[in-house]
Every structure is written in C-alpha cells, then in structure tokens.
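Participant: Sequences listed follow chains P and W, in order. Quick note: the first sequence uses the working numbering, first residue 10, plus one each step. Quick note: the second sequence uses the working numbering, first residue 2, plus one each step. We put the CB at the ideal spot given by N, CA and C, even for glycine. Take this structure first; my questions come after.
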Amino acid sequence: MSSRAKSFDYAVSLDPTWDARSDRGGGVLAGAEEASWTPEHLLLAGLARCTLTSLRYHCVRASITLTSSSTARGTVTRRDSDGRFAFVEIAFEADVSFDPKPDDETIADLLAKAERDCFVGASLVATPSYSWNVQ
Amino acid sequence: MTTGVAAATADAARTGQRDCFVGASLIATPTYAWNVA
Numbered sequence: 010m011s012s013r014a015k016s017f018d019y020a021v022s023l024d025p026t027w028d029a030r031s032d033r034g035g036g037v038l039a040g041a042e043e044a045s046w047t048p049e050h051l052l053l054a055g056l057a058r059c060t061l062t063s064l065r066y067h068c069v070r071a072s073i074t075l076t077s078s079s080t081a082r083g084t085v086t087r088r089d090s091d092g093r094f095a096f097v098e099i100a101f102e103a104d105v106s107f108d109p110k111p112d113d114e115t116i117a118d119l120l121a122k123a124e125r126d127c128f129v130g131a132s133l134v135a136t137p138s139y140s141w142n143v144q
Numbered sequence: 002m003t004t005g006v007a008a009a010t011a012d013a014a015r016t017g018q019r020d021c022f023v024g025a026s027l028i029a030t031p032t033y034a035w036n037v038a
C-alpha cells in the first residue's frame, strides 16, 4: 500500500502592468519595481525566506524560539551542461540565535533539516551553499 | 502570411521560455501556455 505525499500548491498572477498578486491575498508586488526586484532577486528572496521558514518550523517543533536574518547571492551565466543562462552559483548566509540555545549537535541537526526541507532550495538545479552564523 | 506570423509567434514564445534565467534554474521544467491576442 503506497502513501501519497502531502502536497502544497502556490499560484501568482501578473496583471498587464506586471503587478504580482498571490493567490493568498496580501500586498501587491509592484511591476514598476521590476528593475530593482528582478525575477532573479525574487528567486533569491524566495530561497532565503524558505530556508528560514524551514528552520523556524523545526525550531517550533523543538520548542525553541528563533531569531534570524539572512542574505542570498547568486550568479547567472551560461551553464556548461546545456548552454542555457541560469543560476550556476547561489550562496545563502544567515545570522541565527536560539532561545533556549541547544547543544551543538542539536543546532547542527536543526540547520541540516532547514537546508534539506526548504522547498525552493530543493527545486533548484544549482545546489545552494549555506553558511550559518550562530550567536 | 498568417503561417509566417504564427511561426514567428511560436518562435518568440520558445525563445522567451528558453532564455528565462529563473525557469532554466529549476529542476522541474515549467509548462507554458500562451494566449496570443
């Protein structure tokens, strides 16, 4: 007997001015900001937020309060494997603190789960590099 | 002529899909549907 994995669906729409809306409501991501919030920046923001969301999820399960901030940087160039321009390097870095602060082994386990369970990171051809500054 | 326009439109769509950096960065190949007015 096979079990079906839980699934999560997401949708966005762009209107003729390229204002973006989530199917979950909330604010509008202005199309006029396309030059500063490029699609590539949005992907990096998605990776950063997803990774921290994943970490927070595992912290909550462990009754740990997380404080976090992060950066994500990426490089797009022609990919050797198929000649297409795509992200070939992505680097994620975060400052995190835990309350209460668990032992080093538990922290390493939490961070590994955060990387493993980020949907966005798992969806990328280029595997992101992760750097964690634990305070 | 219509065929030429249709071919050019299809070519533009293919180029748009191929040259999208984000789409090319994803493991799952997106499906694309273009409603050309």
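Roughly how many whole angstroms lie between the Cα atoms of T10(W) and T26(P)?
Facilitator: As a first step, residue 10(W) must be located in the second sequence, where it is residue number 9. As a first step, residue 26(P) must be located in the first sequence, where it is residue number 17. When rounded, the distance between both Cα atoms is 21 Å.
Participant: Residues of the region 19 to 34 of chain W in Cβ contact with chain P at a cutoff of 9 Å, in chain order, please.
Facilitator: The residues in question are R19, D20, C21, F22, V23, G24, A25, S26, L27, I28, A29.
Participant: Under 8 Å between the Cβ atoms of S77(P) and C127(P)?
Facilitator: Position 68 of the first sequence holds residue 77(P). Position 118 of the first sequence holds residue 127(P). Not a contact, by the Cβ cut-off of 8 Å.
Participant: Any residues in the region 34 to 50 of chain P with a beta carbon nearer than 8 Å to a beta carbon of chain B? Which ones, in chain order?
Facilitator: In the structure shown, chain B does not exist; the protein chains are P and W.
Participant: Here's the rule I'm using: 16 or more other beta-carbon atoms within 10 Å means buried, otherwise exposed. How should W35(W) be labelled?
Facilitator: By one-based count along the second sequence, residue 35(W) stands at place 34. Flag for W35(W) reads exposed.
Participant: Under 8 Å, with one C-beta from each stretch per pair, do the region 127 to 137 of chain P and the region 93 to 113 of chain P reach the 3-pair mark?
Facilitator: Verdict: yes, contact present.
Participant: Any beta carbon of chain W sitting closer than 8 Å to that of R125(P)?
Facilitator: Locating residue 125(P) in the first sequence gives position 116, where the first residue counts as 1. With 8 Å as the cut-off, R125(P) does not count as an interface residue toward chain W.
Participant: Is A29(P) closer than 8 Å to V37(P) when the C-beta atoms are compared?
Facilitator: Residue 37(P) sits at position 28 when you count from the first residue of the first sequence. Residue 29(P) sits at position 20 when you count from the first residue of the first sequence. Going by C-beta atoms, V37(P) is nearer than 8 Å to A29(P).
Participant: Using 10 angstroms around the beta-carbon of F107(P), count the other beta-carbons present and answer buried if the total reaches 16, otherwise exposed.
Facilitator: Reading the first sequence from its first residue, position 98 is the one you call residue 107(P). Buried, because 16 or more other Cβ atoms sit within 10 Å of the Cβ of F107(P).
Participant: Does the structure place the region 109 to 126 of chain P close enough to the region 49 to 65 of chain P that three or more beta carbon pairs sit under 8 Å?
Facilitator: Verdict: yes, contact present.
Participant: Do A100(P) and S138(P) have their CB atoms nearer than 8 Å?
Facilitator: Here the question's residue 100(P) lines up with position 91 in the first sequence. Here the question's residue 138(P) lines up with position 129 in the first sequence. Yes, Cβ-Cβ distance for A100(P) and S138(P) is below 8 Å.
Participant: Just the Cα atoms here: how many angstroms apart are A20(P) and G34(P)?
Facilitator: As a first step, residue 20(P) must be located in the first sequence, where it is residue number 11. As a first step, residue 34(P) must be located in the first sequence, where it is residue number 25. Going by the C-alpha atoms only, they are around 11 Å apart.
Participant: CA-CA distance, S16(P) and K110(P)?
Facilitator: Sequence index remark: in the first sequence, residue 16(P) carries index 7 (1-based). Sequence index remark: in the first sequence, residue 110(P) carries index 101 (1-based). Distance between the alpha carbons of S16(P) and K110(P): 32 Å.
Participant: With burial defined as no fewer than 16 other Cβ atoms inside 10 Å of the residue's Cβ, what is the status of V105(P): buried or exposed?
Facilitator: If you number the first sequence from 1, residue 105(P) lands on position 96. Classification of V105(P): buried, given that the 10 Å Cβ count is 16 or more.
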